[in-house]
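Shown next, in structure tokens, is the structure this report addresses.
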Amino acid sequence: MIKIMEIAELPFIEAFVIFRGKSLKLENVLIELSSMDYGVEMDGIIGYDLMKNLGLVIDLEQLNISIK
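198 is the number that this note's numbering gives the last residue of the sequence shown; the numbers go up by one with no jumps.
In structure tokens:
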């Protein structure tokens with residue numbers, strides 16, 4: 131679940147990401163808000179630049195994502 135609250139002007143917002151009981155607070159992150167219809171249900175797309183800045187590690191064998 132992602133809760134988004136405007137703190138100044140868009141596109142800079144404060145976002146709280148809650149994933150399996152763990153939370154992560156993001157500040158001053160550029161987020162593009164738009165409508166998406168790719169034929170599958172999804173909540174959003176996380177870009178490579180954000181994943182790199184957060185230090186996310188994607189384990190394709192175990193199919194999980196962790197933070198360094």
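Just so you know, even glycine gets a beta-carbon here, dropped at the ideal spot from N, CA and C.
All values reported here derive from a predicted model rather than from experimental measurement.
For a quick check, are the C-beta atoms of residue i and residue j less than 8 Å apart?
i, j, result
"residue 186", "residue 175", "no"
At the level of alpha carbons, what is the spacing between residue i and residue j?
i, j, result
"residue 190", "residue 182", "16 Å"
"residue 209", "residue 178", "The structure shown does not extend to residue 209, since the chain spans only 131 to 198, so no value can be given for it."
"residue 195", "residue 188", "5 Å"
"residue 165", "residue 184", "25 Å"
If you follow the alpha helix (DSSP H) that residue i is in, where does it begin and where does it stop?
i, result
"residue 179", "178-184"
Could you check where the beta strand (DSSP E) with residue i kicks off and where it finishes?
i, result
"residue 196", "194-197"
Could you pull the DSSP bridge partners for residue i from this structure?
i, result
"residue 188", "195"
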